[in-house]
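Worksheet: the structure to be examined is printed underneath.
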Amino acid sequence: MEPRTRSFYFLACFFGLFLIFLYGPTITIGILSFQGEMGGLTFPMQGVSLHWFFDLFEEQAVGDIWGSFRRSITLGFMVMVTTIVVSVMGGLAFRKKFPGSTILFYLIVTALVIPSILISLGVGLMFSQTGFEVHWSTSGFGSQLTWTLPFGLLIMFAVFNRFDKSYEEAARDQGATPWQTIRFVVLPIIAPSLIGVALFGFTLSYDEFARTLLTAGSNNTLPLEIYGMTTNVTSPVLYALGTLTTVFSLIIISIFLLVALRIAKTKARAGSDAGKGLL
Amino acid sequence: MKLKLNNALAGWLMVSPLMLVLLIFLVLPILMILIVSFWRATEYSIIPDFVFENYEFLFGSPVTYTVFINTFKYAILTWTFTFLIGFTVAFFLAFHVRSLTWQVVCFLLCTIPFWTSNIIRMISWIPFLGRNGIANSALISWGVIDEPVEWLLFSDFSVVLAFVHIYTLFMVVPIFNTMMRIDRSLIEAARDAGASGAQILWNVILPLTKPGIMIGTIFVVTLVMGDFFTVRVMSGSQSANVGRLISNDISLLQYPSASATAIVLLLTVLIVIGILLRFVDIRKEL
Chain Y
1 MEPRTRSFYF LACFFGLFLI FLYGPTITIG ILSFQGEMGG LTFPMQGVSL
51 HWFFDLFEEQ AVGDIWGSFR RSITLGFMVM VTTIVVSVMG GLAFRKKFPG
101 STILFYLIVT ALVIPSILIS LGVGLMFSQT GFEVHWSTSG FGSQLTWTLP
151 FGLLIMFAVF NRFDKSYEEA ARDQGATPWQ TIRFVVLPII APSLIGVALF
201 GFTLSYDEFA RTLLTAGSNN TLPLEIYGMT TNVTSPVLYA LGTLTTVFSL
251 IIISIFLLVA LRIAKTKARA GSDAGKGLL
Chain W
1 MKLKLNNALA GWLMVSPLML VLLIFLVLPI LMILIVSFWR ATEYSIIPDF
51 VFENYEFLFG SPVTYTVFIN TFKYAILTWT FTFLIGFTVA FFLAFHVRSL
101 TWQVVCFLLC TIPFWTSNII RMISWIPFLG RNGIANSALI SWGVIDEPVE
151 WLLFSDFSVV LAFVHIYTLF MVVPIFNTMM RIDRSLIEAA RDAGASGAQI
201 LWNVILPLTK PGIMIGTIFV VTLVMGDFFT VRVMSGSQSA NVGRLISNDI
251 SLLQYPSASA TAIVLLLTVL IVIGILLRFV DIRKEL
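The listed protein sequences correspond, in order, to chains Y and W.
The numbering of the first sequence is my numbering, which starts it at 1 and goes up by one.
The numbering of the second sequence is my numbering, which starts it at 1 and goes up by one.
Dropping the structure here:
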């Protein structure tokens, strides 16, 4: 192996600084959320306490945190499942050209680049003017899908661009029906990338607020609750909430990554090279 | 002939849920905004009509131009920094990290923050940049400055900083993706032909990475142009971009005026994307 060049060490330092830049602030509020009872929004720490975490459990202090947390998780799972199903179907369909596929593709790109507040405004107006009530599980759900579906589909496009068609041909040659080919050949091969789609679907929904701002109705989701808190809460309780929801996100992310790792290991043990080079 | 029709039907059937979602929650809302942008508003209600007063007011107000210039300023500044940082990080990951495991680990370290809350990541800067924040105390204790600097928080500086913090990832991922697909023998060939490291970077890697850069650019530019929240929080409501103009109108229930601004913003973003898409075929690059 070649020896490391000087540029390697320079770039490694740059990367290290970048990681500090990425994680530093989050770690800071993690520490500050343990601020003592008399402490403020910044250092120095006035002792160490769990005071601000306890504050979160008192309804009058911060509003309906736990209700919004429950709603966000429910919505996250709804969006996740829908994103997986719709993206896989869309990805399969886009492998062949069909009339209108180009227009649909540009619609997907539009959904990705359109300023979120337009979705919020448009959906909100549409519901109010047609007499429907906005609710997080209907208008909020749909608005979030316009953000998660493009990501899911982009992943599926990338997966199917690298998909070896000879697996399907082999299945067909052995007499599998189209459904059997998908169920027993295609889906198992793309399974690891579906974990990725699920991760995107859940986390993007769980953190989304711009698209749910005018479409969630009277019951807030968690990001909306936090969004409201930024304007009127000036105590470390905000940091405590931030720390808790970040920890929750990290747990969810690790679960997804562990599942992906497990699937990869199982495959390696089975001695099959199916799915190699997909992720 | 029949087979072709069957194929088309199968395709349509498979994308029907997708089409339904995009129709109800993308196409119809845009049409709705377009329609409402011609309506009139009183202080408490909106009235169906067909007037151009919202657009006339928008284009007649000097605030509009300031705000649009501000929006472009944020977009260009953020793009510059995210590109420089994103390219460097992706270059390191793709060409200097040698084992696949380390590549995956470093890549995940870069992407994990993307899956956590943007609002929280933004708020996290406040204890850092405030008057008594970490940055100021550190600078004072190092003797760089005597008094706390005021422009760290609630300024254009903090807005761009937050943008770069949140969106650099959108540069790293597509650039890394294209770099990984560069045939390594091209670089070897360049080296054999006597190119220096800088020449390889400039004449081989940079041109081949262009599609990734373009995709990252599209993400960063549209996200920054459509933002309304970062600017409000990080500028302490002292600066405005187009998104904030819209969200202010919304909070005053001036939906027709908000809609007109939204339509102009959408057209601006689409024109920018249209220009960028001329340089790259996204479908080929995935």
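Note that beta-carbon positions come from the ideal geometry of N, C-alpha and C, so glycine has one too.
Continuous alpha helix (DSSP H) stretch holding aspartate 207 (chain Y): start and end: Segment 187-207, the alpha helix (DSSP H) holding aspartate 207 (chain Y).
Within the 9 Å Cβ cut-off, does isoleucine 252 (chain Y) reach chain W? Yes - at least one Cβ of chain W is within 9 Å of the one on isoleucine 252 (chain Y).
Can methionine 89 (chain Y) and methionine 180 (chain W) be called in contact, C-beta distance under 9 Å? At the C-beta level, methionine 89 (chain Y) and methionine 180 (chain W) stay beyond 9 Å of one another.
Burial state of arginine 98 (chain W), where buried means 16 or more other Cβ atoms lie within 10 Å: The residue in question, arginine 98 (chain W), is exposed, as its Cβ has fewer than 16 Cβ neighbours within 10 Å.
In chain W, which residues lie less than 9 Å from isoleucine 190 (chain Y) when you measure between Cβ atoms? None at all; the shortest Cβ gap to chain W is about 14 Å.
From isoleucine 47 (chain W) to alanine 210 (chain Y), what does the alpha carbon distance come to, in whole angstroms? The alpha-carbon atoms of isoleucine 47 (chain W) and alanine 210 (chain Y) are separated by roughly 26 Å.
Note down the Cα distance separating leucine 279 (chain Y) from leucine 194 (chain Y), rounded to an integer number of angstroms. Low confidence applies to leucine 279 (chain Y): its pLDDT is 49, below 50, so where it sits in the model is not reliable, and the reading given next is rough at best. Taking the straight line from one Cα to the other gives about 10 Å.
Taking CB distances under 9 Å as the criterion, tell me whether tyrosine 44 (chain W) reaches chain Y. At a cut-off of 9 Å between beta-carbon atoms, tyrosine 44 (chain W) makes no contact with chain Y.
Output needed in chain order: residues of the stretch 142-174 of chain Y with a Cβ under 7 Å from some Cβ in chain W. Within the stretch 142-174 of chain Y, the residues whose Cβ lies closer than 7 Å to some Cβ of chain W are Gly142, Ser143, Leu145, Thr146, Leu149, Leu154, Phe157, Ala158 and Asn161, listed in chain order.
Could you confirm whether any beta carbon from chain Y is found closer than 9 Å to the beta carbon of phenylalanine 92 (chain W)? Yes, its Cβ sits closer than 9 Å to a Cβ of chain Y.
Report back the beta-carbon spacing between leucine 276 (chain W) and leucine 118 (chain Y) to the nearest angstrom; my notes put them in contact at under 8 Å. 19 Å between Cβ atoms; not a contact.
Close-in-space but distant-in-sequence residues of the same chain around leucine 208 (chain W) (CB under 6 Å, 5 per side omitted): These residues qualify, in order along the chain: Ile182.
From threonine 181 (chain Y) to alanine 170 (chain Y), what does the alpha carbon distance come to, in whole angstroms? For the pair threonine 181 (chain Y) and alanine 170 (chain Y), the Cα-to-Cα distance works out to about 9 Å.
Ordered along the chain, which non-local residues of its own chain (more than five positions away) have a Cβ less than 8 Å from that of isoleucine 30 (chain W)? Taken in chain order, the residues that qualify are Leu266.
What does a CB cutoff of less than 7 Å around threonine 5 (chain Y) pick up in its chain, not counting 5 residues either side in sequence? Excluding residues within five positions, none has a Cβ falling inside 7 Å.
Check whether the Cβ of glycine 226 (chain W) lies closer than 8 Å to any heavy atom of the ligand ATP, and answer yes or no. Questions concerning the ligand ATP fall outside what the structure shown contains, since it holds no ligand whatsoever.
Based on the DSSP output, what are the partners of arginine 40 (chain W) in its beta bridges? DSSP links arginine 40 (chain W) through a beta bridge to W:Ile47.
What are the boundary residues of the alpha helix (DSSP H) that leucine 252 (chain W) is part of? Counting along the chain, leucine 252 (chain W) sits inside no alpha helix (DSSP H), nor does DSSP assign it H or E at all.
Where valine 67 (chain W) sits in the DSSP three-state scheme: The answer is helix: DSSP assigns valine 67 (chain W) an H, G or I state.
Serine 7 (chain Y) touches chain W at which residues, Cβ-Cβ below 8 Å? Chain-order list of chain W residues neighbouring serine 7 (chain Y): His96 and Gly197, by C-beta distance under 8 Å.
Using a Cβ cut-off of 9 Å, pull out every chain Y residue sitting near isoleucine 205 (chain W), in sequence order please. Within 9 Å Cβ-Cβ: nothing; isoleucine 205 (chain W) doesn't reach chain Y, min ~13 Å.
Do glycine 216 (chain W) and phenylalanine 83 (chain W) have their CB atoms nearer than 9 Å? Glycine 216 (chain W) is a Cβ neighbour of phenylalanine 83 (chain W), given a cutoff of 9 Å.
List the whole-angstrom C-beta distance separating valine 134 (chain Y) from glycine 122 (chain Y), where the pair is believed to meet the contact cut-off of C-beta under 8 Å. For valine 134 (chain Y) against glycine 122 (chain Y), the beta-carbon gap comes to about 12 Å, at or over 8 Å, which does not count as contact.
Measuring only the C-alpha atoms, how far is phenylalanine 219 (chain W) from threonine 215 (chain Y)? Cα to Cα, the separation comes out at about 24 Å.
Do we get a CB-CB distance below 9 Å when we pair phenylalanine 184 (chain Y) with the residues of chain W? At a cut-off of 9 Å between beta carbons, phenylalanine 184 (chain Y) makes no contact with chain W.
Candidates W:Phe229, W:Ile35, W:Pro17 and W:Met122: closest to glutamine 129 (chain Y) by CA position: Considering only alpha carbons, the answer is W:Ile35.
Buried or exposed, going by whether 16 or more other CB atoms sit within 10 Å of the CB of threonine 291 (chain W)? Residue 291 (chain W) falls outside the range modelled here, since chain W spans only 1 to 286, and no answer is possible.
In whole angstroms, give me the CA-to-CA distance for aspartate 55 (chain Y) and alanine 262 (chain W). Distance between the alpha carbons of aspartate 55 (chain Y) and alanine 262 (chain W) is about 39 Å.
Write down the C-beta distance between valine 172 (chain W) and cysteine 110 (chain W) rounded to the nearest angstrom, noting that I regard them as a contact closer than 8 Å. Contact between valine 172 (chain W) and cysteine 110 (chain W) holds, with the beta-carbon distance rounding to 5 Å and staying under 8 Å.
Is the Cβ of methionine 19 (chain W) closer than 9 Å to any Cβ of chain Y? For methionine 19 (chain W), the answer is yes, since a Cβ of chain Y falls inside 9 Å of its Cβ.
Here's the rule I'm using: 16 or more other beta-carbon atoms within 10 Å means buried, otherwise exposed. How should leucine 22 (chain Y) be labelled? That one is buried.
Serine 218 (chain Y), buried or exposed, once every other Cβ within 10 Å from all chains shown has been counted against 16: Exposed.
In or out: phenylalanine 91 (chain W) buried (at least 16 other Cβ within 10 Å) or exposed? Looking at its Cβ environment, which holds 16 or more other Cβ atoms inside 10 Å, phenylalanine 91 (chain W) is buried.
Straight-line gap, valine 113 (chain Y) to glutamate 147 (chain W) (C-alpha atoms, nearest Å): Approximately 43 Å between the Cα atoms of the pair.
In this structure, what does DSSP give as the bridge partners for glutamine 46 (chain Y)? None, per the DSSP bridge assignment.
So is methionine 180 (chain W) in contact with chain Y if we call contact Cβ pairs under 9 Å? For methionine 180 (chain W), the answer is no, since every Cβ of chain Y falls outside 9 Å of its Cβ.
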